[in-house]
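Input: a single structure, listed below in structure tokens.
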Amino acid sequence: MESNNEKKEKFYAGGFLYNPQIKSVLLHHRDDKTPIHPNQWGFFGGQNEGSESPKECFIRELKEELGVEVWESEVKVLCDYLNKNRGTWRSILCSK
10 MESNNEKKEK
20 FYAGGFLYNP
30 QIKSVLLHHR
40 DDKTPIHPNQ
50 WGFFGGQNEG
60 SESPKECFIR
70 ELKEELGVEV
80 WESEVKVLCD
90 YLNKNRGTWR
100 SILCSK
């Protein structure tokens, strides 16, 4: 499934890493110093840069936030939706 967000100017791409061998998920635990959702679990990710697709954005964010490099073929778009409260498109992704 390819994302429809490629046509949108700005969007958020976020997700998690999945290890099928031990059936576990890696999420981000935010510290108490962050102004947005402190001390909560969430996805790795952020806003796209330039003409990035959701997959490209997620791959870049994983590299920036975790120092992890993943192949685009390992990334799956799980869903796209419009966050009506913020007026932004969002993609949820996962990678092995």
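Sequential numbering of the sequence shown, starting at 10, is according to our numbering. Here a beta-carbon is modelled for each residue, glycine too, at the ideal position from N, C-alpha and C. Everything numeric in this text was worked out from a predicted model, so none of it was measured.
Report task. Sort G24, K93 and E83 by Cα distance to F52 and report the nearest one. Result -> Locating residue 52 in the sequence shown gives position 43, counting from the first residue. Considering only alpha carbons, the answer is G24.
As a quick exercise: from G55, Q56 and D40, pick the residue whose alpha carbon is nearest that of Q49. In the sequence shown, counting from the first residue as 1, residue 49 sits at position 40. Of the listed residues, the one whose Cα sits closest to Q49 is D40.
If you measure between the beta carbons of E70 and G59, is that distance less than 8 Å? Translated into positions along the sequence shown, residue 70 becomes position 61. Translated into positions along the sequence shown, residue 59 becomes position 50. In this structure, G59 does not lie closer than 8 Å to E70 by Cβ.
**Asked** First and last residue of the beta strand (DSSP E) that includes F67?
**Response** Locating residue 67 in the sequence shown gives position 58, where the first residue counts as 1. DSSP places F67 in no beta strand (DSSP E) but in the uninterrupted alpha helix (DSSP H) bounded by P63 to L75.
- Give the DSSP-derived three-state secondary structure of S60 in the structure shown. Reading the sequence shown from its first residue, position 51 is the one you call residue 60. Three-state result, S60: coil.
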